[in-house]
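Chemist:
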Amino acid sequence: MDSNASRPATIGQLRADGYRDRTVKDELRGNLLHALQHGSSAFSSLVGFDDSVLPALERGILAGHDLILLGERGQAKTRLIRHL
């Protein structure tokens with residue numbers, strides 16, 4: 132059986148199936164909550180930020196705040212965003 136046969140092909144079909152779109156903030160929050168509930172770290176490959184940046188970032192995501200990462204070159208800003 133083809134797995135694409137049961138997938139909606141248009142936005143109208145998605146809406147008819149009851150799909151609700153989420154904002155990026157909502158999706159980030161949901162993914163982080165899922166990771167925290169299962170005891171895994173959402174940022175496991177980042178080293179050295181466990182006591183400073185990551186807790187603040189997690190709180191900001193959970194609260195639904197806008198995020199701006201400031202820092203000099205080489206401080207893993209891009210890597211952090213890619214892990215979100």
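So for the sequence shown, the working numbering puts the first residue at 132; every next one is plus one.
The beta carbon of each residue, even a glycine, is placed where N, CA and C say it ideally should be.
None of these values were measured; they are calculated from a predicted model.
Please work out which residues of its chain come closer than 7 Å, Cβ to Cβ, to residue 207, disregarding the five sequence neighbours upstream and downstream, and give them in chain order.
Modeler: Here residue 207 refers to the residue found at position 76 of the sequence shown. The residues are 177.
Chemist: Look at the Cβ atom of residue 192, then the Cβ atom of residue 160, and state whether they are nearer than 8 Å.
Modeler: The residue given as residue 192 occupies position 61 in the sequence shown. The residue given as residue 160 occupies position 29 in the sequence shown. Yes, these two residues count as a Cβ contact at 8 Å.
Chemist: Might you give, ordered along the chain, the residues of its own chain that have their beta carbon closer than 7 Å to the beta carbon of residue 141, omitting 5 neighbours on each side?
Modeler: Here residue 141 refers to the residue found at position 10 of the sequence shown. Counting only Cβ-Cβ distances below 7 Å, and skipping sequence neighbours, we find nothing.
Chemist: Alpha carbon to alpha carbon, how far is residue 138 from residue 183?
Modeler: Locating residue 138 in the sequence shown gives position 7, counting from the first residue. Locating residue 183 in the sequence shown gives position 52, counting from the first residue. Going from the Cα of residue 138 to the Cα of residue 183 covers about 43 Å.
Chemist: Is residue 163 closer than 8 Å to residue 189 when the C-beta atoms are compared?
Modeler: As a first step, residue 189 is located in the sequence shown; it is residue number 58 there, counting from the start. As a first step, residue 163 is located in the sequence shown; it is residue number 32 there, counting from the start. Yes, they are a contact pair.
Chemist: Between which two residues does the alpha helix (DSSP H) carrying residue 84 extend?
Modeler: It is not possible to answer for residue 84, since the shown part of the chain is limited to 132 through 215.
Chemist: Look at the alpha carbon of residue 148 and the alpha carbon of residue 154, and state the distance between them as a whole number of angstroms.
Modeler: Along the sequence shown, read from residue 1 onward, the residue named residue 148 stands at position 17. Along the sequence shown, read from residue 1 onward, the residue named residue 154 stands at position 23. Each residue's alpha carbon lies about 19 Å from the other.
Chemist: Indicate the three-state DSSP secondary structure (helix, strand or coil) for residue 151 in the structure shown.
Modeler: In the sequence shown, residue 151 corresponds to position 20, counting from 1. Here residue 151 sits in coil by DSSP.
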